[in-house]
Amino acid sequence: MFEWLFAGENWTGDQFGSSIPDRLAEHLGYSFGALVFVLLIGIPLGLYIGHTGKGGVAIAGLANALRALPTFGLLVYVVIAFSGNLPADWAYKGPTLFVLVILGVPAVLSNTYAGVQNVDPAARDAARGMGMTGWQVLWRVEVPNALPLILSGVRSAMLQIVATATIAAYVSLGGLGRFMLDGLAQRDYSQMAGGAVLVGLLAVVLDLLMALLQRYVVSRGITGRYARPAAGADVVAAESKVLV
Amino acid sequence: MINYLKNNPDTVGEWFFAHVWLSVLPVVLGLLVALPIGWVASHYRWTYPPITNLAGLLYTIPSLALFILMPSILGTKILSPVNMVVALTIYSVALLVRVVADGLNSVSPDVRAAATAMGFTGIGRFLKVDLPIAVPVITAGVRVATVSNVSLVSVGALIGLPQLGSLFTTGFTRYVTGIVLLGIVLCLVLALVLDALIVVGNRFLTPWQRAVAKR
Chain A
1 MFEWLFAGEN WTGDQFGSSI PDRLAEHLGY SFGALVFVLL IGIPLGLYIG
51 HTGKGGVAIA GLANALRALP TFGLLVYVVI AFSGNLPADW AYKGPTLFVL
101 VILGVPAVLS NTYAGVQNVD PAARDAARGM GMTGWQVLWR VEVPNALPLI
151 LSGVRSAMLQ IVATATIAAY VSLGGLGRFM LDGLAQRDYS QMAGGAVLVG
201 LLAVVLDLLM ALLQRYVVSR GITGRYARPA AGADVVAAES KVLV
Chain B
1 MINYLKNNPD TVGEWFFAHV WLSVLPVVLG LLVALPIGWV ASHYRWTYPP
51 ITNLAGLLYT IPSLALFILM PSILGTKILS PVNMVVALTI YSVALLVRVV
101 ADGLNSVSPD VRAAATAMGF TGIGRFLKVD LPIAVPVITA GVRVATVSNV
151 SLVSVGALIG LPQLGSLFTT GFTRYVTGIV LLGIVLCLVL ALVLDALIVV
201 GNRFLTPWQR AVAKR
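Going down the list, the protein sequences come from chains A and B. Counted from 1, the first sequence has number 99 at position 99 by the UniProt record's numbering; the numbering is strictly sequential. Counted from 1, the second sequence has number 103 at position 103 by the UniProt record's numbering; the numbering is strictly sequential.
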C-alpha cells in the first residue's frame with residue numbers, strides 16, 4: 001500500500017495517464033461541479049421554505065425517503081436509462097452529475113430550512129418591530145443565525161458527494177475510485193488500498209477545511225449559542241450526516 | 001424486473017436475507033459499543049467534545065474506502081463479509097455515540113433528583129431511569145443508522161460481496177434497467193420495513209408516551 005502510494009510513476013503518470021494528481025483533479029472536478037448545483041438549488045429553496053414556512057413537512061418527508069434510496073443502485077439505473085440518449089462526452093458524466101446533485105440537495109435544503117426555522121421567534125419579532133422588511137429580516141437576522149446549520153448541511157452534502165463520486169468509477173468514470181476498482185480487477189491490493197487511503201484523506205481534509213470555514217464565517221455571537229447545541233439541533237445535524 | 005425475480009427466486013431471496021443481516025447486525029453491535037461510550041460522554045462532560053469529534057471524523061471516511069481498508073487492518077480476506085460488518089459497525093458507533101450522549105443529557109435534573117430520592121443509584125438508575133427516558137432520542141439515531149446501512153451495504157457489491165447490491169452489478173453488466181430497479185425497490189422495501197419495526201419497538205419500550213398523549 002505504502003509502496004504504491006510513494007512510487008514515483010504513480011504520481012507522474014507514466015502509465016496510461018492515470019497519475020494520482022490527474023485522478024485527484026477529476027475527483028475534485030466532479031465533486032465541486034455537483035456541489036455548485038446543490039448550493040444553487042438547496043440554499044434559495046431552503047431559505048424560501050424556512051422564511052415563509054410553506055412546505056416544511058414535504059421537505060422532511062423528501063429527505064427521509066431519499067435516505068432510504070440506495071445510492072449505488074440509483075447511479076447504475078440512471079446511467080443505463082439515460083446514457084444512450086446523450087452525446088458521447090456526457091454519456092456517463094451527465095447521469096453521474098445528476099445523481100450527485102440529487103443526493104446532495106436534501107442535506108443542504110433541510111438544514112437551511114431547519115436553520116431558519118430554529119431562529120428565536122423573539123429575535124425575528126424584534127427585527128420586524130424595528131421596521132425591517134421581510135427581505136431585511138431574512139438577510140440580517142435569519143441567514144446569520146441559520147449559518148451554522150446551513151454550513152453543516154453543506155459539509156455533509158460535500159462528504160456525500162465525494163463518497164459517491166468514488167463509486168462512480170464503476171460506471172466508467174474517472175476519479176480516485178478508479179484506483180480501487182482497477183486494483184480489484186488487476187488483483188492488486190496495494191493499488192486498491194492506496195486509492196482507499198487517498199479517498200479517505202481527501203474526505204477528512206475537505207471536512208476539516210469546511211470546519212475551519214465554519215469557524216471564521218459564523219458570527220461569534222452565534223457560536224456562543226451553538227457551543228453546546230440543544231439535543232434537537234444535534235439530531236438534525238446527525239441525521240443529515242449520512243454517507244454513501 | 002418481475003421476470004428476473006420469477007427466473008431467479010432463490011438467488012434474489014439469498015441476496016435479500018444476506019442484505020437483512022448485513023444491515024441489522026452492525027446496528028446491534030454498534031449500539032452495544034455506543035451505549036457505554038455515550039454514557040461516558042454524558043457523565044464526564046469534558047469527554048463529550050473529543051468523543052463526538054472523533055466519531056464525526058470516522059463518519060467522513062467514504063464507505064467503499066473503509067470496506068477496502070478493513071482487510072489490511074483486520075487481516076481478513078477482501079471477500080470476507082466480516083470486513084463489511086466491522087466497517088458498518090464503526091459507522092453505527094460513530095452515529096450512535098453522539099445520540100446516546102445527547103439522549104442521556106436530555107434527562108431532566110428534576111427526574112434525576114426524584115430517582116435519587118427514591119433510592120436509585122449508579123447502574124440501577126442508569127438502567128431503570130436514565131436509559132428508558134433516553135430511548136426516544138436513541139431510537140431516532142438507530143432509525144437513521146439502520147436505514148442508511150441498507151443503502152451502504154449495497155456498495156459492497158462493488159468488491160464482490162453478495163447481497164441486493166449484486167442486482168445493481170448484474171443489471172449493469174447486462175445493461176438491463178429492470179434488474180437494477182428490482183434491487184432499488186427491494187432495498188426501499190427493506191428500509192421501510194426495518195424502520196417501521198424500530199418505530200413499533202420504540203412504542204413498546206416507552207408506554208408512558210402514549211399515556212401522556214391520552215390525557
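For glycine and all other residues, C-beta sits at the position ideal for the given N, C-alpha and C. Keep in mind that this is a model prediction, so the values were computed, not measured.
Less than 9 Å between CB atoms is the rule here; does B:D195 satisfy it with respect to chain A?
As a working note, residue 195 of chain B is residue 195 in the second sequence. Yes, its Cβ sits closer than 9 Å to a Cβ of chain A.
Hey, is A:A91's beta-carbon within less than 9 Å of any beta-carbon in chain B?
Counted from its first residue, the first sequence places residue 91 of chain A at position 91. So no, A:A91 is outside the interface.
Which of helix, strand or coil DSSP assigns to A:A185
For the purposes of this step, residue 185 of chain A is identified with residue 185 of the first sequence, where counting begins at 1. DSSP places A:A185 in helix when its eight states are reduced to three.
Could you give the first and the last residue of the continuous alpha helix (DSSP H) run that contains A:A91?
Translated into positions along the first sequence, residue 91 of chain A becomes position 91. Per DSSP, A:A91 belongs to no alpha helix (DSSP H) and is neither H nor E.
Which of the three DSSP states is assigned to B:K128 in this structure?
Residue 128 of chain B sits at position 128 when you count from the first residue of the second sequence. Of the three classes helix, strand and coil, the one that applies to B:K128 here is helix, per DSSP.
For A:V101, verify whether its CB is less than 8 Å away from any heavy atom of the ligand SAH.
Looking for the ligand SAH in the displayed structure turns up nothing, as the structure carries no ligands at all.
Do A:V218 and B:I61 have their C-beta atoms within less than 9 Å of each other?
Locating residue 218 of chain A in the first sequence gives position 218, counting from the first residue. Locating residue 61 of chain B in the second sequence gives position 61, counting from the first residue. No; because the gap between Cβ atoms is not below 9 Å, this pair is not in contact.
Show which residues of chain B have a CB atom less than 9 Å away from the CB atom of A:T71.
If you number the first sequence from 1, residue 71 of chain A lands on position 71. Near A:T71 (Cβ distances below 9 Å), the residues of chain B are S151, L152, S154 and V155.
List the whole-angstrom C-beta distance separating B:W15 from B:P162, where the pair is believed to meet the contact cut-off of C-beta under 8 Å.
Taking the second sequence and counting its residues from 1, one reaches residue 15 of chain B at position 15. Taking the second sequence and counting its residues from 1, one reaches residue 162 of chain B at position 162. With 8 Å as the limit, B:W15 and B:P162 qualify as a contact, their Cβ atoms being about 6 Å apart.
Between A:S172 and the rest of its own chain, which residues show a CB-CB distance below 8 Å, the 5 nearest in sequence each way excluded?
Translated into the one-based positions of the first sequence, residue 172 of chain A becomes position 172. Excluding sequence neighbours, A:S172 sits near Y92.
Do the stretch 6 to 14 of chain B and the stretch 180 to 192 of chain A make contact, defined as three or more Cβ pairs closer than 8 Å?
no
Identify each residue in the stretch 27 to 51 of chain A for which the Cβ-Cβ distance to at least one residue of chain B is less than 7 Å, and report them in chain order.
none
Straight-line Cα distance separating A:A7 from B:A41
As a first step, residue 41 of chain B is located in the second sequence; it is residue number 41 there, counting from the start. As a first step, residue 7 of chain A is located in the first sequence; it is residue number 7 there, counting from the start. Near 42 Å, if we compare the C-alpha coordinates of A:A7 and B:A41.
Looking at A:G73: is its Cβ nearer than 9 Å to the Cβ of B:G119?
What you label residue 73 of chain A is simply residue 73 of the first sequence in a count that begins at 1. What you label residue 119 of chain B is simply residue 119 of the second sequence in a count that begins at 1. Not a contact, by the Cβ cut-off of 9 Å.
Measure the alpha-carbon distance for A:G200 versus B:L66 and round it to whole angstroms.
Along the first sequence, one-based indexing puts residue 200 of chain A at 200. Along the second sequence, one-based indexing puts residue 66 of chain B at 66. Between A:G200 and B:L66, the C-alpha separation is close to 8 Å.
For A:A230, name the three-state secondary structure that DSSP assigns.
Translated into positions along the first sequence, residue 230 of chain A becomes position 230. Only weak support is given to the placement of A:A230: the predicted model assigns it a pLDDT of 48, under 50, and the value that follows is read from those uncertain coordinates. A:A230: coil per DSSP, three-state reduction.
Is B:I90 close to chain A, meaning its C-beta is less than 9 Å from at least one C-beta of that chain?
By 1-based counting over the second sequence, the position of residue 90 of chain B is 90. So, not an interface residue.
Here's a check: name, in chain order, each residue in its chain whose Cβ is nearer than 7 Å to the Cβ of A:L181, leaving out the five neighbours to either side.
Against the first sequence, residue 181 of chain A aligns to sequence position 181. Only A169 and Y170 meet the Cβ criterion.
Separation of B:G160 from A:A107, as counted between CA atoms
As a working note, residue 107 of chain A is residue 107 in the first sequence. As a working note, residue 160 of chain B is residue 160 in the second sequence. Each residue's alpha carbon lies about 30 Å from the other.
Let me know if B:S108 comes out buried or exposed under the rule of 16 or more other beta-carbons within 10 Å of its beta-carbon.
Here residue 108 of chain B is taken as the residue at index 108 of the second sequence, counted from 1. So B:S108 ends up on the exposed side.
Own chain residues within Cβ distance below 7 Å of B:Y4, not counting five before or after:
For the purposes of this step, residue 4 of chain B is taken as the residue at position 4 of the second sequence. Excluding positions up to five away in sequence, the list reads G178, I179 and L182.
C-beta neighbour in chain A for B:G201, strict 9 Å
For the purposes of this step, residue 201 of chain B is identified with residue 201 of the second sequence, where counting begins at 1. No, because no Cβ of chain A sits closer than 9 Å to the Cβ of B:G201.
The alpha helix (DSSP H) spanning A:L173 covers which residue range?
Your numbering for residue 173 of chain A matches position 173 in the first sequence. A:L173 -> no alpha helix (DSSP H), and no H or E assigned at all.
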